[in-house]
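Numbers in the numbering used here are just positions in the sequence shown, counted from 1, shifted up by 912. To keep things clear, I will list the structure first and then write my remarks on it.
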Amino acid sequence: MSGTPDFIIRNGLRFVKPYYHVYRTTVKGRWFGKTALQVFTEEFRNYDGEHYLKRIMEDDISVIRRKNKQNIEFKGSILLDTPLKSGDVIVHREHIHEKPILNREIGIIHEDKDLLVVDKPSGIPMHPVQGYLYNSLTEALKSKLNILRLHPCNRLDKVTSGLVILCKNFESSSFYQTMVQEREFRKEYIARVDGDFSHSPLVCRNDVLIIDTKKKAEGVKKRTAITRFKFLRYNSRLKQSIVLCIPETGRTHQIRIHLRDLGHPIINDWVYNPRYKRAFSRSAVESNLPKSLSEIQKEQDERRIAMYSGKTCSECGINLYRDPDPNSMVLFLHALKYTGHDRQGGIISYETGMPAWTNI
């Protein structure tokens, strides 16, 4: 990305001053036969259909189609009746209102000519995704350290904090990503969970469901997963435990799901802890997945509507949101330590300090 945006710090959050950005997206297979308006309304739910219709009629959304060695542009009302085809490119100019992140320093654990190892704060996504461009880990680091390219070798959920290994060049990226994929790195996480974990099983082998919510029921796969645990301490007043988690497989949300299955969910995990309304219970998901996905989508929409401030942007007219609660952007799960070997065969080990929430 080019240029440096202006940032606003408010209520413990970092905001990016709104700016314009042009996206160019090659049409995906699941979009074939749909109109651009259908795709934006169904898959990019930050804004409603009226917003995208307005963007189309103001020529901020168009489709480029290659035909007979020439580019044909579809825009305006014609675009509303144009089914998307393979090879089409959607061009979208949008006034960007990025979502805020916690205003926390990204700790540098290690840096050399090949690697950058950092302590990622909670609440910041790994790389640019919908709603986050400059407020992403890779873009923040590239700007801060004046680095042209950074390739994450491991990935953490936005709400998860801890160790992230990033590579500065293709050679190191290929090597370390292969190590992570083939599970040659030993990963250790720390979690704060409900209940007394001292008598719980020290290994969980439950399968996990890998869910692609955009593909709904067709996007569900069951995968083998293994996580080992080590009990560290219990606070009887809070009725909470601190647990070391060592995943032997690398499934999405594996640790969070296994802790839920053992009856000790992470205390502030609003996805898997039963105390929260929208929590994924294993029985509910496996017995009626389409209903579970529908209910979760409905609740996400309700949460978004509840955050409306009642104000709109004077430049683009979109609804503006109230500042989120910083506590809602934190999960008590932290990537603590990674151990493996470098390209010369030597042992490498990187570790962060314990997060403050472990002090119970």
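All C-beta atoms in this analysis are idealised placements derived from N, C-alpha and C, irrespective of residue type, glycine included.
Check your understanding: Are there three or more Cβ pairs, one per stretch, closer than 8 Å when the segment 1096-1112 is compared with the segment 1174-1183?
Key -> Enough Cβ pairs lie closer than 8 Å, so yes.
Check your understanding: Looking only at C-alpha atoms, which of Pro1012, Gly924 and Arg1172 sits nearest to Gly1043?
Key -> Of Pro1012, Gly924 and Arg1172, the smallest CA-CA separation from Gly1043 is found for Pro1012.
Exercise for review: Determine which residues share a DSSP beta bridge with Cys1157 and list them.
Suggested key: Per DSSP, Tyr1101 and Phe1141.
Review point. If we ignore side chains and look at the alpha-carbon of each, how far apart do Gly1257 and Val1092 end up?
Key: Rounded to whole angstroms, the separation of the alpha carbons of Val1092 and Gly1257 is 15 Å.
**Study point:** Bridge partner(s) assigned by DSSP for Phe1231
**Key:** According to the sequence displayed, residue 1231 carries Asn and not Phe. In the DSSP assignment, Asn1231 is bridged to Thr1224.
Point to revise | Candidates Tyr959, Val1003 and Lys966: closest to Arg977 by CA position | key: Scanning Tyr959, Val1003 and Lys966 for the CA closest to the CA of Arg977 turns up Val1003.
Check your understanding: Taking the alpha helix (DSSP H) that Gly961 falls in, what are its first and last residues?
Key -> In the DSSP assignment, Gly961 falls within the unbroken alpha helix (DSSP H) covering Gly961 to Met969.
Check your understanding: In chain order, what residues of the same chain have a beta carbon less than 8 Å from the beta carbon of Asn983, not counting five sequence neighbours either side?
Key -> Hits under 8 Å: Ile976 and Arg977.
Review point. Would Gly1074 be called buried (16 or more neighbouring beta carbons within 10 Å of its own) or exposed?
Key: Result: buried.
Exercise for review: Output the boundary residues of the alpha helix (DSSP H) element that contains Val1298.
Suggested key: The structure shown does not extend to residue 1298, since the chain is modelled only from 913 through 1272, so no value can be given for it.
Practice item. For Glu1263, name the three-state secondary structure that DSSP assigns. Key: Residue state for Glu1263 is assigned as strand, using DSSP reduced to three classes.
Practice item. Determine the closest residue to Gln1152 out of Ile1158, Glu1160, Glu955 and Phe1143, with distance taken between C-alpha atoms. Key: Minimum Cα distance to Gln1152 is reached at Phe1143.
Review point. What is the DSSP secondary structure of Leu925, reduced to helix, strand or coil?
Key: Three-state DSSP puts Leu925 in a strand.
Check your understanding: On the three-pair Cβ rule with 8 Å, is the segment 925-935 touching the segment 1036-1056?
Key -> Output reads yes: the segment 1036-1056 touches the segment 925-935.
**Study point:** Span separating the alpha-carbon of Val934 from that of Tyr1184
**Key:** Going from the Cα of Val934 to the Cα of Tyr1184 covers about 36 Å.
Exercise for review: With DSSP as the reference, please indicate the residues paired to Tyr1146 in a beta bridge.
Suggested key: According to DSSP, which records beta bridges pairwise, Tyr1146 is partnered with Ser1153.
Point to revise | For Ile1167, the first and last residue of its enclosing beta strand (DSSP E) | key: Ile1167 -> not in any beta strand (DSSP E); alpha helix (DSSP H) instead, spanning Gln1166 to Asp1173.
Practice item. State whether the segment 1163-1170 contacts the segment 1231-1238, with contact taken as three or more CB pairs (one from each stretch) at a distance under 8 Å. Key: The segment 1163-1170 is not in contact with the segment 1231-1238.
Point to revise | Three-state secondary structure (DSSP) of Met913 | key: Residue placement at Met913 is flagged as unreliable, the pLDDT there being 49, under the threshold of 50; a coordinate-derived value is accordingly withheld.
Review point. Do Ile1138 and Thr1161 have their C-beta atoms within less than 8 Å of each other?
Key: In this structure, Ile1138 lies near Thr1161, with their beta-carbon atoms less than 8 Å apart.
Review point. In whole angstroms, what is the alpha-carbon distance linking Thr1264 and Ala1218?
Key: Going from the Cα of Thr1264 to the Cα of Ala1218 covers about 37 Å.
Practice item. Could you tell me if Ser914 is buried or exposed, where buried requires 16 or more neighbouring beta carbons within 10 angstroms of its beta carbon? Key: For Ser914, the predicted structure reports a pLDDT of 49, less than 50, and the residue's modelled location is therefore unreliable. A value from the coordinates is still provided. Counting Cβ neighbours within 10 Å, Ser914 comes out exposed, since fewer than 16 surround it.
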